[in-house]
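Protein sequence lines correspond, in order, to chains A and B. Here the first sequence is numbered in our numbering, starting from 185 and rising by one per residue. Here the second sequence is numbered in our numbering, starting from 185 and rising by one per residue. Glycine included, each C-beta is placed from N, C-alpha and C at the ideal position. Each remark here refers to the structure printed beneath this line.
Protein chains: 2
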Amino acid sequence: MGLKIGELAKATGTKVETVRYYERIGLLPQAERTSGNYRSYTPAHLDHLNFIRHARRLGFDIADIRSLLDLADQPERDCADADRIASGHLRAVEDKIARLVLLREELNRMIGQCRGGSVGNCRIIETLADHSLCRSDHAGG
Amino acid sequence: MGLKIGELAKATGTKVETVRYYERIGLLPQAERTSGNYRSYTPAHLDHLNFIRHARRLGFDIADIRSLLDLADQPERDCADADRIASGHLRAVEDKIARLVLLREELNRMIGQCRGGSVGNCRIIETLADHSLCRSDHAGG
DNA sequence: ATGCACCCTGTAGCTGCTACAGGGTCAAGA
DNA sequence: TCTTGACCCTGTAGCAGCTACAGGGTGCAT
Numbered sequence: 185m186g187l188k189i190g191e192l193a194k195a196t197g198t199k200v201e202t203v204r205y206y207e208r209i210g211l212l213p214q215a216e217r218t219s220g221n222y223r224s225y226t227p228a229h230l231d232h233l234n235f236i237r238h239a240r241r242l243g244f245d246i247a248d249i250r251s252l253l254d255l256a257d258q259p260e261r262d263c264a265d266a267d268r269i270a271s272g273h274l275r276a277v278e279d280k281i282a283r284l285v286l287l288r289e290e291l292n293r294m295i296g297q298c299r300g301g302s303v304g305n306c307r308i309i310e311t312l313a314d315h316s317l318c319r320s321d322h323a324g325g
Numbered sequence: 185m186g187l188k189i190g191e192l193a194k195a196t197g198t199k200v201e202t203v204r205y206y207e208r209i210g211l212l213p214q215a216e217r218t219s220g221n222y223r224s225y226t227p228a229h230l231d232h233l234n235f236i237r238h239a240r241r242l243g244f245d246i247a248d249i250r251s252l253l254d255l256a257d258q259p260e261r262d263c264a265d266a267d268r269i270a271s272g273h274l275r276a277v278e279d280k281i282a283r284l285v286l287l288r289e290e291l292n293r294m295i296g297q298c299r300g301g302s303v304g305n306c307r308i309i310e311t312l313a314d315h316s317l318c319r320s321d322h323a324g325g
């Protein structure tokens, strides 16, 4: 009657192993078993897993998803908790972007200085080997 | 005479365990040992580790750093190899930024729709639970 | 009876470290 | 000489979030 794990996986764009993993870590509730010991999933499981997958695609980590699922189960609770989790994640994403943008600039600078030729006078290798750059984070602050 | 591991670590802003890890995976050449079985590092090790740390700070992975170190050891080789590695990494960084920017927008939209109140009508939770969004990547492409 | 697609459990691997446990070494001080 | 304490050693397990086996069982069709 219920969905088999492969069907659930296909319906949500998840790998079978990942579904089992979510169950093992307690993110997805245990499924009933058939007489042959196959997992048998309900539409509620489908919703649950869709929620998880969507949150994962948005970059939420497992701990956050646990909290969000908890909240989703208690409709009377204050939305502020969900807001806090999402905003915290947004800030983390913004931080990551900022760090990557700096990185991109530094890489661009490095690559832009490479005028071809042999490794012996390659600016890329030189930059990486440069002593004065090696601990700029420590020297600077 | 040479540097002890703690001294090398301090001089490069690395943890002692990390230095041992780099040696174990063959990224940093083995050090001589003292009579008491302590590792004894040379200035060449210091240069080598500084190179590694700088490349790591720029986000290069271990495999790339291995290649870059290889290149740095062969000054007669064509710089294009170094350029290829660096440019490939740059592209990966740009990809990551692009994906995170999309993520940021989606998170912003989601959070912006939250008008407070109870979880029961929280747009954040609703968005995550929304079926139509759950496999948009499949549906759309 | 046989083949095949699917399911099961358990465990190891991925990246780049980090953090122990349980010991040994070495220089300084009492 | 003994002891303290900072350092060093090896080996192994843990983090996140899966992924990929090995080695077996189930269920349906032929």
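At least one CB of chain A closer than 8 Å to the CB of residue i: is that the case?
{"i": "I189 (chain B)", "result": "no"}
{"i": "H322 (chain B)", "result": "Summary for H322 (chain B): the model assigns pLDDT 38, below 50, so the residue's position carries little reliability, and this model does not support an answer."}
{"i": "G325 (chain B)", "result": "Legend: pLDDT at G325 (chain B) = 24, less than 50; position of this residue unreliable, value from coordinates given subsequently. Not one chain A Cβ lies under 8 Å of G325 (chain B)."}
{"i": "S219 (chain B)", "result": "no"}
{"i": "I281 (chain B)", "result": "yes"}
Exposed or buried, what is residue i when buried is set at 16 or more other beta-carbons lying within 10 Å of its beta-carbon?
{"i": "Y206 (chain A)", "result": "buried"}
{"i": "M294 (chain B)", "result": "buried"}
{"i": "D228 (chain B)", "result": "With the sequence shown as reference, residue 228 (chain B) is identified as Ala, and Asp is not the correct amino acid for it. Exposed, because fewer than 16 other Cβ atoms sit within 10 Å of the Cβ of A228 (chain B)."}
{"i": "L284 (chain B)", "result": "buried"}
{"i": "L192 (chain B)", "result": "buried"}
{"i": "A282 (chain B)", "result": "exposed"}
Under 8 Å between C-beta atoms, does residue i make it to chain B?
{"i": "R250 (chain A)", "result": "no"}
{"i": "E289 (chain A)", "result": "no"}
{"i": "V203 (chain A)", "result": "no"}
{"i": "C318 (chain A)", "result": "Confidence at C318 (chain A) is low in this model, with a pLDDT of 45, below 50, so the placement of that residue should be treated as unreliable; the coordinate-derived value is given next. At least one chain B Cβ lies under 8 Å of C318 (chain A)."}
{"i": "V303 (chain A)", "result": "yes"}
{"i": "D273 (chain A)", "result": "For the record, residue 273 (chain A) in the displayed sequence is His; it is not Asp. Cβ-Cβ to chain B under 8 Å: yes for H273 (chain A)."}
{"i": "T198 (chain A)", "result": "no"}
{"i": "G130 (chain A)", "result": "Because chain A in this structure spans residues 185 to 325, residue 130 (chain A) falls outside the shown range and cannot be described."}
{"i": "D267 (chain A)", "result": "yes"}
{"i": "A239 (chain A)", "result": "yes"}
{"i": "P259 (chain A)", "result": "yes"}
{"i": "D245 (chain A)", "result": "no"}
{"i": "I209 (chain A)", "result": "no"}
Return yes when the Cβ of residue j is within less than 8 Å of the Cβ of residue i, no when it is not.
{"i": "T198 (chain A)", "j": "R241 (chain A)", "result": "no"}
{"i": "L274 (chain A)", "j": "N221 (chain B)", "result": "no"}
{"i": "A215 (chain A)", "j": "Y225 (chain A)", "result": "yes"}
{"i": "E278 (chain B)", "j": "R288 (chain A)", "result": "yes"}
{"i": "A264 (chain B)", "j": "G272 (chain A)", "result": "no"}
{"i": "R217 (chain A)", "j": "I189 (chain A)", "result": "no"}
{"i": "L312 (chain B)", "j": "L187 (chain A)", "result": "no"}
{"i": "I269 (chain A)", "j": "D245 (chain A)", "result": "no"}
Note to self: Whether or not the stretch 296 to 310 of chain B and the stretch 244 to 257 of chain A are in contact is what I'm after, with contact meaning three or more pairs of Cβ atoms, one per stretch, closer than 8 Å; do they touch?
What the structure shows: By the Cβ test, the stretch 244 to 257 of chain A is in contact with the stretch 296 to 310 of chain B, since at least three Cβ pairs between them sit closer than 8 Å.
Check: Does the count of Cβ pairs from the stretch 227 to 239 of chain B and the stretch 209 to 218 of chain B closer than 8 Å reach three?
Finding: Three or more beta-carbon pairs separated by less than 8 Å link the stretch 227 to 239 of chain B to the stretch 209 to 218 of chain B, which places the two stretches in contact.
Next item on the list: Ignoring anything shorter than 4 residues or poking outside the stretch 230 to 305 of chain B, list the alpha helix (DSSP H) runs there in chain order.
Entry: Counting only runs that start and end inside the stretch 230 to 305 of chain B, the alpha helix (DSSP H) elements of at least 4 residues fall at 246 to 256, 264 to 296.
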